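Undergrad: Numbering (the working numbering), first residue to last: 1041 to 1314.
1. Are the beta-carbon atoms belonging to residue 1080 and residue 1191 less than 8 Å from one another?
2. Please confirm if the region 1124-1131 is in contact with the region 1172-1187, defined as three or more CB-CB distances below 8 Å between the two stretches.
3. Please report the straight-line C-alpha distance between residue 1115 and residue 1264, rounded to a whole angstrom.
4. Tell me which residues share the same chain as residue 1096 and place their Cβ nearer than 6 Å to its Cβ, disregarding the 5 neighbours each side in the sequence.
5. Taking only three categories from DSSP, how would you classify residue 1192?
6. How far does the beta strand (DSSP E) with residue 1097 in it reach, from first residue to last?
7. Since I believe residue 1092 is in contact with residue 1118 (beta carbons under 8 Å), could you give me their beta-carbon distance rounded to a whole number of angstroms?
8. Residue 1249: buried (16+ other C-beta within 10 angstroms of its C-beta) or exposed?
9. Taking only the alpha-carbon atoms, compute the straight-line gap between residue 1233 and residue 1204 and give it to the nearest angstrom.
10. Using the C-alpha atoms, what's the distance from residue 1179 back to residue 1185?
11. How long is the line joining the alpha carbons of residue 1206 and residue 1150, rounded to whole angstroms?
12. Quick one: which unbroken alpha helix (DSSP H) runs of 4-plus residues sit fully inside the region 1084-1147? Chain order, please.
13. Considering only their Cβ atoms, is the gap separating residue 1213 from residue 1142 smaller than 8 Å?
14. What is the rounded straight-line gap between the Cα of residue 1123 and the Cα of residue 1163?
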């Protein structure tokens, strides 16, 4: 007949080991994710800045810089702590006065709200938690909210939503080869934004698949449980029975009773040296 207390203590010992493993594994995943995300996004930022530096820039006034290239057709805001508005000559030549005003107000809103910095931080968070599938969907929602706010600002200032829609459409038909997170074109939001500006019903926000949501919930619960496992883990204090189970001793007297409430490794070590 097996000793029930022995089995219970043995199970607790195994669970304690699993708890320690999960704590270290979870901590390692978070650290690796953060380093990967930071390096990736800094690298993208440096590459983007390098491309911008290659442009022939002129002071356009009104806190904007002119990219003196008639073949390019775009406008964007860049810079983390001191954002600047960039407008290409090709865009100036293709837009009407009202369309240009709409573009400028749109980008000025991004600049004043420090959206380049916010998008940079949100991208770091998304890549840091790459193992949470829903993170990329949340970033898309965040981008949509910020673009909607900038569009609303244009409408409130100019009262001409059709001009903004026309400008967005013109920019979207040109492939600049430079992908910016903060631009008049936005990120994959052109169709919905134009529909909204011209008074049509925009597409409903697509929810991620149920499997994605379920997996994300599981991963979040696991991450949140790490500090609790660390603070309220299994009792590691030693007594004869626990030491017997942990170190496969046949009888409790194999452990040193003088050690008292002590880590099992130290408990048995004291037995050897005394």
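Just so it is clear, CB atoms sit at the ideal spot from N, CA and C, and this is done for glycine as well. Source: prediction; values computed, not measured.
TA: Checking against the coordinates, here is how it stands:
1. Within the chain shown, numbered from 1, the residue matching residue 1080 stands at position 40. Within the chain shown, numbered from 1, the residue matching residue 1191 stands at position 151. No, Cβ-Cβ distance for residue 1080 and residue 1191 is not below 8 Å.
2. no
3. For this step, residue 1115 is matched to residue 75 along the chain shown. For this step, residue 1264 is matched to residue 224 along the chain shown. Roughly 41 Å separates the two Cα atoms.
4. Residue 1096 sits at position 56 when you count from the first residue of the chain shown. 1108.
5. For the purposes of this step, residue 1192 is identified with residue 152 of the chain shown, where counting begins at 1. Reduced to three states, the DSSP call for residue 1192 is helix.
6. On the chain shown, residue 1097 is found 57 positions in, with the first residue counted as 1. 1097-1101 is the extent of the beta strand (DSSP E) around residue 1097.
7. Here residue 1118 refers to the residue found at position 78 when the chain shown is read from its first residue. Here residue 1092 refers to the residue found at position 52 when the chain shown is read from its first residue. 6 Å between Cβ atoms; contact.
8. Residue mapping note: residue 1249 aligns to position 209 of the chain shown, counting from 1. Exposed, because fewer than 16 other Cβ atoms sit within 10 Å of the Cβ of residue 1249.
9. In the chain shown, counting from the first residue as 1, residue 1233 sits at position 193. In the chain shown, counting from the first residue as 1, residue 1204 sits at position 164. Their backbone Cα atoms lie some 10 Å apart in a straight line.
10. Numbered from 1 along the chain shown, position 145 holds the residue referred to as residue 1185. Numbered from 1 along the chain shown, position 139 holds the residue referred to as residue 1179. Distance between the alpha carbons of residue 1185 and residue 1179 is about 10 Å.
11. Numbered from 1 along the chain shown, position 166 holds the residue referred to as residue 1206. Numbered from 1 along the chain shown, position 110 holds the residue referred to as residue 1150. Approximately 19 Å, taken between the alpha carbons.
12. 1129-1134
13. Within the chain shown, numbered from 1, the residue matching residue 1142 stands at position 102. Within the chain shown, numbered from 1, the residue matching residue 1213 stands at position 173. Cβ atoms of residue 1142 and residue 1213: not closer than 8 Å.
14. Here residue 1123 corresponds to residue number 83 of the chain shown, with the count starting at 1. Here residue 1163 corresponds to residue number 123 of the chain shown, with the count starting at 1. About 17 Å.
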